[in-house]
Every structure is written in C-alpha cells, then in structure tokens.
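A.B. asks: Those protein sequence lines, which keep their order, are chains A and B.
My numbering puts the first sequence at residues 5 to 196.
My numbering puts the second sequence at residues 5 to 196.
Built from N, CA and C at the ideal position, the CB exists for glycine as well.
None of these values were measured; they are calculated from a predicted model.
There are 2 protein chains.
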Amino acid sequence: MKKSLGAKTFLYSSPVLLVGSYDASGKPNAMTAAWAGICCGQPPCMYVSLRQATHSYGSIMERKAYTISVPSVDLLAETDYLGTASGRDADKFAATGLTPVRSDLVDAPYVAECPLVLECRLVHAIDLGLHTMFVGEVLDVKADEGVLDEQGYLSLERVRAFLYAAPERSYYAAGEFLGKAHVAGKSFPARG
Amino acid sequence: MKKSLGAKTFLYSSPVLLVGSYDASGKPNAMTAAWAGICCGQPPCMYVSLRQATHSYGSIMERKAYTISVPSVDLLAETDYLGTASGRDADKFAATGLTPVRSDLVDAPYVAECPLVLECRLVHAIDLGLHTMFVGEVLDVKADEGVLDEQGYLSLERVRAFLYAAPERSYYAAGEFLGKAHVAGKSFPARG
Chain A
5 MKKSLGAKTF
15 LYSSPVLLVG
25 SYDASGKPNA
35 MTAAWAGICC
45 GQPPCMYVSL
55 RQATHSYGSI
65 MERKAYTISV
75 PSVDLLAETD
85 YLGTASGRDA
95 DKFAATGLTP
105 VRSDLVDAPY
115 VAECPLVLEC
125 RLVHAIDLGL
135 HTMFVGEVLD
145 VKADEGVLDE
155 QGYLSLERVR
165 AFLYAAPERS
175 YYAAGEFLGK
185 AHVAGKSFPA
195 RG
Chain B
5 MKKSLGAKTF
15 LYSSPVLLVG
25 SYDASGKPNA
35 MTAAWAGICC
45 GQPPCMYVSL
55 RQATHSYGSI
65 MERKAYTISV
75 PSVDLLAETD
85 YLGTASGRDA
95 DKFAATGLTP
105 VRSDLVDAPY
115 VAECPLVLEC
125 RLVHAIDLGL
135 HTMFVGEVLD
145 VKADEGVLDE
155 QGYLSLERVR
165 AFLYAAPERS
175 YYAAGEFLGK
185 AHVAGKSFPA
195 RG
C-alpha cells in the first residue's frame, strides 16, 4: 500500500548544470539548473526549465542561445552560489572567480573551469506555468582532454559530475558503476 | 583547451524511470526511459521523451496519461529488460513478474514493486524530431512507507534510485550526500 505525498516534483537524479547566457548589456551570466535533461536524439536536444523571474530568462529569449556547463564536485560551492544569487544584482563570474568563455557557435558564454560543455541554439520556449522550458539543439559538445579515457570516450569517473535530489533539496555524488544498458536485462525473454 | 566531441546528447545524471501506460487492447505496459525530468514547479510537471516507434507512444497519445515508477537498484535487471523489449511483441509485466496497478487518478498503470510513483496527465506532446516530449502534470506522488524517513520525508538512501549516464550508456548508483542546496554557496557574496 503506497502513501500519497501530493502533487509534487519528486524525482531523483536530476543533473546539476550551469546555464550560461549574455544579458542585454553583454555581461556573461551563469545560473545553476537541475530541471534539465536530454529530450531528443535527432536533432540532439537538451532542455532547461527556468522561471520567468530569473535574469537568464530574458537573456536566453533575447539571444536565442545558451550553454550548459557541467561542473565537477570540486565546484560544488560555486555551483550552489550560482543557484542562489541573481545576475541582475551580481557579477557572478567575478564573485566566484570562474572564467566566462565566448562560444564560437552560439551567442552565449560557457564556464572554462567545467570539464564538459554543451552549446545550444534555442529551438522552443514552452511556457508551462511557473517555469518555461527552453529546448535547445546541441550544436557541439566540448570536453577537457583530462576527462576522456584512453579511447577518447567521456568518463563519468573523470568528469565527476554530481546530481540533485529534488525531494531532499540536496546534492549527491554519482556512485558505483552498476552495468551497461542492454546487458543486465538479458536474463528475461525477448518475447514474454 | 577543450576538445570538440560533436553534436551529441552527452549529459550525466539522467533519472532511470519506468513509464506505465495501457495500450489499445487494455494491456498494461511499462518501458524504461532516462530522457525524463522535472520541467515545471507550478503546476508540477514532468516530461518523458519517447520515440514514435515505441508501443508506449500510441498508448500515451490515446489515453492522455502515463505513470512514472522509480525503480530501486534491486530492479536493475527488470528495468534494463523493460528498455529493450517492446510491449508490441511481449507482455513485459508477465515476462518480469512485475505487478501492474491501475492508477485511480489517471488512465495508466504503475509498477507495484517500485517504491516511488508519479501519476501524470498528459498536457503537451511536443514533436522534436526522433523523439516526442510528453509533458505531464503530476496529479499525485505515491511512495512506499518504507522509503520515508522518521519525519515522513522521502529518502534517497531508502528509495535507492539509480541513474543513467548517457555518454557511457551505463547505470550508476547514487553516491554519497554532498550537501543541502543553498548552503554550500554561502561563502560567496550575495552581490558580486
């Protein structure tokens, strides 16, 4: 028997990301978002959901672009700060000492210190209520050489990305490797 | 200097979820999805992105409803299987021994063995290309009593949700607690 907890956004394993944009004055800004994810394979698309009240909202609507920078656990304090202060009041890059880098593909900056970066061209802005979902086509993914393994593939162990648990409003590390997809389920019949 | 990896859906910490629906014949079905997440706070909304080719696609379009069941790591093999077989060919509940439970709020079944369940009414179906994004309003969240802590709050440690790392096509456990949001960043000035 399950207990009702009400109509809530209770989901685990949200990614922790820094959304980069330029505001109307050209100032680079970054805000933390966890309501984000992959939403299409071809064309490759990501989304981030932001409140209209954020400084980033107007910037992304104006520039039709944003970046996603994936922080490692070393940047936990900076990441948390970027989710609390507003670019309207603060120069958050200056406050944290992080370095904005102008994307050469979209009109937005990314965070140099993040090992993994996605450059997105805005394709949809879907107003859902308190939040607007910004769907962006990924034009390129860039990674530090140090987070690629010997075969040149991205390694979670090296990226050290962490996650957000919405029900607890807490950050958690990624844990142990459990298995490759499409392997663990082979014990069941393909046709039931 | 970052290395270009091309236009890819490379993001970490995707949730691993089972999407429940009834097909045209009334057969309960569940498929695994990792391209899913929170997309609005008020009304509370989730999305899952599915390919049109999936059996679940037609079911959700027809019934205007789906459930999200969050598996614990104990259900890793079942979860992986539900992401490989199609409900068009197989009775995936029968094949895995999992139990479909009819939601009393939406026209869709959830998975009894999953400790956390969200019942969603379809509000948008957004065709992005290979995938369609199904945005659903969460009408209720239900959890097993055993995954609530002493104060009645959800506990990731008890739910034992796991995550999908798209770049590696692999499952990972959730790891250690790193900190509460809006605490770790307090060392930086509110105004830069």
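What do you reckon, is the C-beta of B/Gln155 under 7 Å from a heavy atom of the ligand MG?
C.D. replies: Looking for the ligand MG in the displayed structure turns up nothing, as the structure carries no ligands at all.
A.B. asks: With A/Ser63 as the anchor, note down where its beta strand (DSSP E) starts and where it stops.
C.D. replies: It is not in any beta strand (DSSP E) - A/Ser63 instead sits in the alpha helix (DSSP H) that spans His59 to Arg67.
A.B. asks: Mind pulling the alpha helix (DSSP H) runs of 4 or more residues that sit fully within the region 93-144 of chain A?
C.D. replies: Within the region 93-144 of chain A, the complete alpha helix (DSSP H) runs of at least 4 residues are 96-100.
A.B. asks: Can you list the residues of chain A that B/Val74 reaches, using a CB-CB cut of under 8 Å?
C.D. replies: By Cβ distance, chain A contributes Leu15 and Tyr16.
A.B. asks: For B/Asp27, return the contacting residues in chain A, with the cut-off set at a CB-CB distance below 9 Å.
C.D. replies: What B/Asp27 touches in chain A: nothing, since even the nearest Cβ is about 14 Å away.
A.B. asks: For A/Gln155, which residues in chain B fall below 8 Å Cβ to Cβ?
C.D. replies: Neighbours of A/Gln155 on chain B: none; closest Cβ ~11 Å, over 8 Å.
A.B. asks: Just confirm the distance between the C-beta atoms of B/Leu9 and A/Lys146, as a whole number of angstroms; I'd bet it's less than 8 Å.
C.D. replies: Rounded, the Cβ-Cβ distance is 7 Å, consistent with contact.
A.B. asks: Verify whether the separation of the beta carbon atoms of A/Leu120 and A/Val74 is less than 8 Å.
C.D. replies: Yes, Cβ-Cβ distance for A/Leu120 and A/Val74 is below 8 Å.
A.B. asks: What residue range does the beta strand (DSSP E) around B/Glu180 cover?
C.D. replies: Taken as a continuous stretch (DSSP letters only), the beta strand (DSSP E) holding B/Glu180 covers Ser174 to Lys184.
A.B. asks: Which chain B residues are close to A/Met50, counting only those with a beta carbon under 8 Å from its beta carbon?
C.D. replies: Thr13 and Leu15, listed in chain order.
A.B. asks: Taking beta-carbon pairs under 9 Å, can you tell me which members of the region 134-161 of chain A lie near chain B?
C.D. replies: From the region 134-161 of chain A, only Leu134, His135, Thr136, Met137, Val139, Glu141, Val142, Leu143, Asp144, Val145, Lys146, Ala147, Asp148, Glu149, Leu152, Gly156, Tyr157, Leu158, Ser159 and Leu160 have a Cβ closer than 9 Å to chain B.
A.B. asks: Looking at chain A, which residues of the region 80-96 of chain B have a Cβ within less than 8 Å of any of its Cβ atoms?
C.D. replies: Here the close residues are Leu80, Ala81, Glu82, Thr83, Asp84, Tyr85, Leu86, Gly87, Thr88, Ala89, Asp93, Ala94, Asp95 and Lys96.
A.B. asks: Run down chain A in chain order and give the residues with a C-beta less than 7 Å from the C-beta of B/Thr4.
C.D. replies: Not covered by the structure: residue 4 of chain B. The range shown for chain B is 5 to 196.
A.B. asks: Just how far apart, CA to CA, sit B/Gly156 and B/Met65?
C.D. replies: One C-alpha to the other measures close to 35 Å.
A.B. asks: Under a CB-based cut-off of 8 Å, is A/Gly196 close to chain B?
C.D. replies: Unreliable positioning characterises A/Gly196 in this predicted model, as indicated by a pLDDT of 44, which lies under 50. The coordinate reading is nonetheless provided below. It does; some Cβ of chain B falls within 8 Å.
A.B. asks: In chain B, what lies closer than 7 Å to A/Val115 by C-beta?
C.D. replies: In chain order: nothing, as chain B lies at least about 11 Å away.
A.B. asks: If we cut at 8 Å on Cβ distances, does A/Ser63 have a partner in chain B?
C.D. replies: For A/Ser63, the answer is no, since every Cβ of chain B falls outside 8 Å of its Cβ.
A.B. asks: Could you pull out every residue in the same chain whose Cβ sits closer than 8 Å to the Cβ of A/Gly196, ignoring the five residues on either side in sequence?
C.D. replies: In this prediction, A/Gly196 has a pLDDT of 44, which is less than 50 and means its spatial position is unreliable; what the coordinates show is noted afterwards. Excluding positions up to five away in sequence, the list is empty.
A.B. asks: When the Cβ atoms of the region 137-151 of chain A are set against those of the region 167-174 of chain A, are three or more pairs found closer than 8 Å?
C.D. replies: No: fewer than three Cβ pairs fall under 8 Å.
A.B. asks: Out of A/Val52, A/Tyr61, A/Cys44 and A/Arg55, state which residue places its alpha-carbon closest to the alpha-carbon of B/Gln56.
C.D. replies: Cα-wise, what sits closest to B/Gln56 is A/Cys44.
A.B. asks: Identify the contact partners of A/Ser60 in chain B, using a Cβ-Cβ distance below 8 Å as the criterion.
C.D. replies: None at all; the shortest Cβ gap to chain B is about 15 Å.
A.B. asks: In whole angstroms, give me the CA-to-CA distance for B/Met50 and A/Met137.
C.D. replies: Between B/Met50 and A/Met137, the C-alpha separation is close to 11 Å.
A.B. asks: Please state the DSSP three-state secondary structure of B/Ser191.
C.D. replies: Helix.
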